[in-house]
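Student:
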Amino acid sequence: MGYPPKNEEHEIVRMNLPHLTDDSRDWIMLVIRIVAKIRADKQAPTFSTRMVIEWVRRICAGRQDAAGKIYPLDKAQILQAAQYAFLAKMRSKGDQTVILEVISRTLNGGG
Numbered sequence: 005m006g007y008p009p010k011n012e013e014h015e016i017v018r019m020n021l022p023h024l025t026d027d028s029r030d031w032i033m034l035v036i037r038i039v040a041k042i043r044a045d046k047q048a049p050t051f052s053t054r055m056v057i058e059w060v061r062r063i064c065a066g067r068q069d070a071a072g073k074i075y076p077l078d079k080a081q082i083l084q085a086a087q088y089a090f091l092a093k094m095r096s097k098g099d100q101t102v103i104l105e106v107i108s109r110t111l112n113g114g115g
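Residues in the sequence shown are numbered from 5 upward in steps of one, following the numbering used here.
The structure is reproduced here in structure tokens:
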């Protein structure tokens, strides 16, 4: 079974995370764009829609300190959310490395 097209995957994420605001749309689209590049990489492992949902959920939760102050998202936060959402669960360090490289390249404006 293949992966859903980007617009369908966006809707699947929205249906599974109904609490997200319209402001979350850009983050969802960023994750879906990165995931499309991961899936296109021949060396990368499979990347399920469930992983997309978990990553978006963690990104959109934002970074908050003990006093309740919410900080704007940055590249480090996106990578940290990926770590907790799926990277730490991967058994292969090689798979982790490939995915991190694709994420970093995409966030830095590269291929």
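Cβ atoms here follow ideal geometry from the backbone N, Cα and C, with glycine treated the same way.
Which residue wins for smallest C-alpha separation from G98, given the options K46, K79, D69?
Tutor: K46
Student: Does the beta-carbon of T110 have 16 or more other beta-carbons within 10 angstroms, so that it is buried, or is it exposed?
Tutor: buried
Student: In angstroms with no decimal places, state the Cα-to-Cα distance between S28 and C64.
Tutor: 6 Å
Student: Measure the CB-CB distance between R95 and Q81 and report whether it falls below 8 Å.
Tutor: no
Student: Could you name the residues of the same chain whose beta carbon sits closer than 6 Å to that of L24, not counting the 5 residues immediately before and after it, in chain order?
Tutor: C64
Student: Taking the continuous alpha helix (DSSP H) assigned at M19, which residues delimit it?
Tutor: 10-20
Student: Do you know offhand how far E12's Cα is from G6's?
Tutor: 12 Å
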